[in-house]
Amino acid sequence: MLPDEFAGASYVDTPTNSVATVWNGMIPSALPAVPGASTSSAFAINNFGRVVGVSNSGASSIATVWNANIPTALNLPANTTGSTALDVNDVGRVVG
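Using this note's numbering, read the sequence shown as starting at 73 and increasing by one per residue.
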């Protein structure tokens with residue numbers, strides 16, 4: 073049996089213009105990108121509804137966590153120019 077919630081992306085006009093999306097059953101909900109970013113994609117959701125993915129500003133990729141549909145940009149490690157969050161466990165630890 074599949075879980076009731078899925079994370080992914082929807083596309084507006086072209087595959088390069090994505091919007092992070094969560095499906096609860098068959099009902100999609102778009103997630104906003106972090107301020108300053110124009111596109112986003114979601115890659116994982118944990119059992120508590122925390123979603124992780126990426127927001128893209130055109131200049132860089134920004135690892136993003138959504139809690140209650142509110143995006144938060146994760147800090148970049150030193151000497152890096154971009155990041156992506158790929159998974160999150162149930163205690164909130166993010167990997168990417």
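Built from N, CA and C at the ideal position, the CB exists for glycine as well.
*If you check the beta carbons only, do residue 114 and residue 128 fall under 9 Å apart?*
For this step, residue 114 is matched to residue 42 along the sequence shown. For this step, residue 128 is matched to residue 56 along the sequence shown. No; because the gap between Cβ atoms is not below 9 Å, this pair is not in contact.
*Hey, how far is the Cα of residue 160 from the Cα of residue 143?*
Working through the sequence shown from its first residue, we reach residue 160 at position 88. Working through the sequence shown from its first residue, we reach residue 143 at position 71. It is roughly 15 Å from the alpha-carbon of residue 160 to the alpha-carbon of residue 143.
*asked:* Among the candidates 139, 134 and 119, whose CA atom is the shortest distance from the CA of residue 153?
replied: Residue numbering aside, residue 153 sits at position 81 when the sequence shown is read from its first letter. Considering only alpha carbons, the answer is 134.
*Skipping 5 residues on each side, what residues in its chain have a beta carbon closer than 7 Å to that of residue 132?*
Counting from 1 along the sequence shown, the entry for residue 132 is found at position 60. 153 and 154.
*Among all the DSSP beta bridges, which residues are the ones paired with residue 119?*
Translated into the one-based positions of the sequence shown, residue 119 becomes position 47. DSSP, once it has assigned bridges, lists no residue as partnering residue 119.
*Proximity below 9 Å, CB of residue 166 to CB of residue 148*: Here residue 166 refers to the residue found at position 94 when the sequence shown is read from its first residue. Here residue 148 refers to the residue found at position 76 when the sequence shown is read from its first residue. Not closer than 9 Å, so no.
_Beta-carbon proximity of residue 112 to residue 103, cut-off 9 Å_ = Residue mapping note: residue 112 aligns to position 40 of the sequence shown, counting from 1. Residue mapping note: residue 103 aligns to position 31 of the sequence shown, counting from 1. Against a cut-off of 9 Å, the Cβ pair of residue 103 and residue 112 comes out as a contact.
*Ignore the nearest five residues each way along the sequence and tell me which others in residue 90's own chain have a CB closer than 6 Å to its CB.*
Along the sequence shown, one-based indexing puts residue 90 at 18. Correct list, in chain order: 81, 83, 111 and 113.
*CA-to-CA distance, residue 168 to residue 100, given in whole angstroms*: Along the sequence shown, one-based indexing puts residue 100 at 28. Along the sequence shown, one-based indexing puts residue 168 at 96. Answer to the nearest angstrom: the Cα atoms are 24 Å apart.
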